[in-house]
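Encoded as structure tokens, the structure appears first; notes follow it.
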Amino acid sequence: MFGYLQVDKAELKVREYEAYKSVYCGLCRQMGRDYSFLSRLALSYDCTYYAMLLLSLTRGCSGFDDGRCRFNPFKSCKFARCEGDCYSKAAALSVISVYYKIQDDIRDGSFFKRFSVRLIQPFFSHWRKKAARRYPQIDEIVAEMLRAQFAVEEETDPCTDAAAHPTAQMLAKVFAADAGDETDKRVFYEFGYHLGRWVYLIDAADDYLKDKKRNSFNPFFGVEKEELFSYMEGILNQSLARAFDAYCLMDIKDFKGILDNMILLGFPLKQNSVLSRLREEMNEQSV
Amino acid sequence: MNNPYEVLGVSPSATDEEIKKAYRNLAKKYHPDNYADSPLADVAEQKMKEVNEAYDEINRMRQKGKGTGSTSGSGSYSGGYSGGYSKFNSVRIYIQRNMINEAEQVLESTEAAERNAEWYFLKGMCAYRRGWSDQARQFFQTAHNMDPGNAEYQTAVNNMNNQRTYNYGGYNTGGESDFGGMGCSCCDICATMMCINCLCNCCRG
């Protein structure tokens, strides 16, 4: 369930896009430093969003460095400098969540997928141990999410809300851990909850046909085909709307243009593209 | 109090017009209507209060004489709920205090025969507070179907429908230099309806 928290590039200012890229590159570099060269493959847009949010809330970005991309030495790129541990935290979240994603794939992936993730599992289990030593709380939260997710999928016919709850709660707890006072905690929790819910549901919508083919769990299977799209759209919109309400109460400092762009334009854009692709594929099938 | 200019996000050299605009944008953003039933209603209310105070303070400092800052919204909102006759009084109080587990316990122990429209409405409130928006919608809808005349249930259903058809700025970005107005870009008719409903109904769990 990665890569849904993106920007709407067309609506960003050029300098904002550069800043966004430089946070991405900065986080990538940090993963190389904290774990290893290969761990950078675990980098996702979602964790970049988390890093960006932390940088914004803590005023953690102190400038930009010029450098070169490690994967493509011919490409020069900028790195956003980070004071404090915003990057480290986001890097830890990346490797920890990929590790648990691998556990999930081993449990119910296809044969080929199980085979391939078993190959990379040892690396991630090593990095995850390292990350968990430094941020035991994050590890605990993500582990709890997976346990709860398995439990929900065992239930007969869980409602959509219940199915989305583990992921929503995970992000809620991760975000709330970074809040200062009690009020902030509640706001961050609410924001994380609905954002996590959205991520889970958009991922479920994205995997709808795949899950159907493989007979695995999907929270949308209980919905009638005729109203499937209006149902998906409604529930996704509502999650974003509630996340946005909480977002408005957060004290966003730096990168406001980028973060506003994401929640108001980038995520809805992603939602539209996922849903319209699904609609197309389903039309093709029914023809 | 914090620097009132900082609260409004304007520089001290801003013109009166700019300050007014900044104030309006913030007041719109934190408007109680956006947070009806939300577990964060009190946080938004607090922010609204700060914005109002800052605006008043600036007006006073600039010696404009009358501080026209305070909107009616924040004042009337804090009143909370006023009905005293409901069977589910305790549930409403629990919900207001964000004690959702206790509220649900009382609801669950209610006998099937006594589960009226209000019971479904309050179940919906609990679900909504937990973030289970889809269940909340179903409960609110049931409450509304059982008692179509009740403004409180109607408001809740409208609120759900607003969020579900939430239209971000994504498709009508033209013109606006910032995202200020986008939070409220969902259909204005519904918003107006909600305002009317809110006036008729000061009960809020």
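Just so you know, the sequences run in chain order A and B. Sequence positions in the first sequence follow numbering that gives the first Met the number 0 and run 0 to 286. Sequence positions in the second sequence follow numbering that gives the first Met the number 0 and run 0 to 204. Beta carbons are placed, not taken as given, at the ideal position from N, Cα and C, and that holds for glycine.
Helix, strand or coil for residue i? Go by DSSP, reduced to three states.
i: glutamate 17(A); result: helix
i: aspartate 253(A); result: coil
i: aspartate 65(A); result: strand
i: alanine 240(A); result: helix
i: proline 267(A); result: helix
i: glycine 169(B); result: Bear in mind that the predicted position of glycine 169(B) carries a pLDDT of just 38, short of 50, making it too unreliable to give a figure here.
Here's the rule I'm using: 16 or more other beta-carbon atoms within 10 Å means buried, otherwise exposed. How should residue i be labelled?
i: serine 37(B); result: buried
i: serine 43(A); result: buried
i: leucine 263(A); result: buried
i: threonine 154(B); result: buried
i: proline 135(A); result: exposed
i: arginine 128(B); result: buried
i: leucine 235(A); result: buried
i: aspartate 133(B); result: buried
i: valine 141(A); result: buried
i: glutamate 154(A); result: exposed
i: lysine 12(A); result: exposed
i: glutamate 103(B); result: buried
i: threonine 14(B); result: exposed
i: valine 295(A); result: What the structure shows of chain A is the stretch from 0 to 286, and residue 295(A) is not part of that stretch, so it cannot be assessed.
i: alanine 126(B); result: buried
i: asparagine 33(B); result: buried
i: tyrosine 36(A); result: The identity of residue 36(A) in the sequence shown is phenylalanine, whereas the question assumes tyrosine. So phenylalanine 36(A) ends up on the exposed side.
i: leucine 118(A); result: exposed
i: phenylalanine 123(A); result: buried
i: phenylalanine 114(A); result: exposed
i: arginine 96(B); result: exposed
i: serine 10(B); result: exposed
i: aspartate 45(A); result: buried
i: arginine 146(A); result: exposed
request  = Below 7 Å between beta carbons is the criterion; list the residues of the segment 128 to 156 of chain B that meet it against any residue of chain D, in chain order.
outcome  = Annotation note: the requested chain D is absent from the structure, which comprises protein chains A and B.
message = Beta carbons nearer than 8 Å to chain B: which residues of the segment 226 to 250 of chain A have them?
response = Cβ contacts with chain B come from Glu232, Gly233, Ile234, Asn236, Gln237, Ser238, Leu239, Ala240, Arg241, Phe243, Asp244, Ala245, Cys247 and Leu248.
request  = Taking only runs that begin and end inside the segment 140 to 219 of chain A, name each unbroken alpha helix (DSSP H) of 4 or more residues, in chain order.
outcome  = 159 to 175, 181 to 205 and 207 to 213
key: Chain-ordered residues of the segment 115 to 145 of chain A with a beta carbon less than 9 Å from chain B   = none
request  = Give, in chain order, every unbroken run of the alpha helix (DSSP H) that is at least 4 residues long and sits entirely within the segment 73 to 138 of chain B.
outcome  = 88 to 95, 99 to 107 and 116 to 129
Sufficient close CB pairs (3 or more, under 8 Å) joining the segment 185 to 197 of chain A to the segment 162 to 172 of chain A = yes
ask   = What residues from the segment 25 to 49 of chain B come within 9 Å of chain A, judged by C-beta to C-beta, listed N to C?
value = Lys28, Tyr29, Asn33, Tyr34, Ser37, Pro38, Leu39, Asp41, Val42, Ala43, Gln45 and Lys46
key: Inside the segment 69 to 98 of chain A only - beta strand (DSSP E) runs reaching at least 3 residues   = 75 to 81
inquiry  = Runs of 4 residues minimum, wholly inside the segment 97 to 144 of chain A: which ones carry the alpha helix (DSSP H) assignment?
reply    = 110 to 133
ask   = Mind listing which residues of the segment 192 to 207 of chain A have their C-beta closer than 9 Å to chain B's C-betas, in chain order?
value = Flagged, chain order: Tyr192, His193 and Arg196.
query = Any chance the segment 96 to 106 of chain A sits against the segment 4 to 17 of chain B, with 3 or more Cβ pairs inside 8 Å?
reply = no
task = Determine which residues of the segment 92 to 112 of chain A have a Cβ less than 8 Å from any Cβ of chain B, and write them out in chain order.
result = Here the close residues number zero.
inquiry  = With three or more beta-carbon pairs closer than 8 Å as the criterion, would you say the segment 147 to 167 of chain A touches the segment 73 to 93 of chain A?
reply    = no
task = Please list the residues of the segment 95 to 110 of chain B that have a C-beta atom closer than 7 Å to any C-beta atom in chain A, keeping them in chain order.
result = none
inquiry  = Pairs of beta-carbons, one from the segment 180 to 189 of chain A and one from the segment 235 to 252 of chain A, closer than 8 Å: are there three or more?
reply    = yes
query = Mind listing which residues of the segment 152 to 175 of chain A have their C-beta closer than 7 Å to chain B's C-betas, in chain order?
reply = Cys158, Thr159, Asp160 and Ala167
query = Taking contact to mean at least 3 C-beta pairs separated by less than 8 Å, is the segment 201 to 209 of chain A in contact with the segment 262 to 279 of chain A?
reply = yes
query = Name the residues in the segment 75 to 88 of chain A whose C-beta lies less than 7 Å from a C-beta of chain B; which are they?
reply = So nothing in the stretch comes that close.
ask   = Along the segment 112 to 124 of chain B, what residues have a CB closer than 9 Å to any CB found in chain A?
value = none
message = Could you check whether the segment 134 to 146 of chain B touches the segment 210 to 230 of chain A, counting it as contact only if at least three pairs of C-beta atoms, one from each stretch, sit closer than 8 Å?
response = As far as the Cβ criterion goes, the segment 134 to 146 of chain B does not touch the segment 210 to 230 of chain A, which means the pair count is below three.
inquiry  = Please identify, using Cβ separations under 7 Å, the residues of the segment 27 to 54 of chain A that lie next to chain B, in order along the chain.
reply    = So nothing in the stretch comes that close.
task = Check distances from the C-beta atoms of the segment 5 to 26 of chain B to those of chain A and list, in chain order, the residues that come in under 7 Å.
result = Flagged: no residues at all.
query = Can you list, in chain order, the residues of the segment 180 to 192 of chain A whose Cβ is nearer than 7 Å to any Cβ on chain B?
reply = Thr182, Arg185, Val186, Glu189 and Tyr192
request  = Just list the alpha helix (DSSP H) runs in the segment 3 to 45 of chain B, keeping only unbroken ones of 4 residues or longer that don't cross its boundaries, in chain order.
outcome  = Correct list: 3 to 7 and 15 to 28.
task = For the segment 17 to 25 of chain A and the segment 46 to 54 of chain A, state whether three or more C-beta atom pairs, one from each stretch, are separated by less than 8 Å.
result = yes
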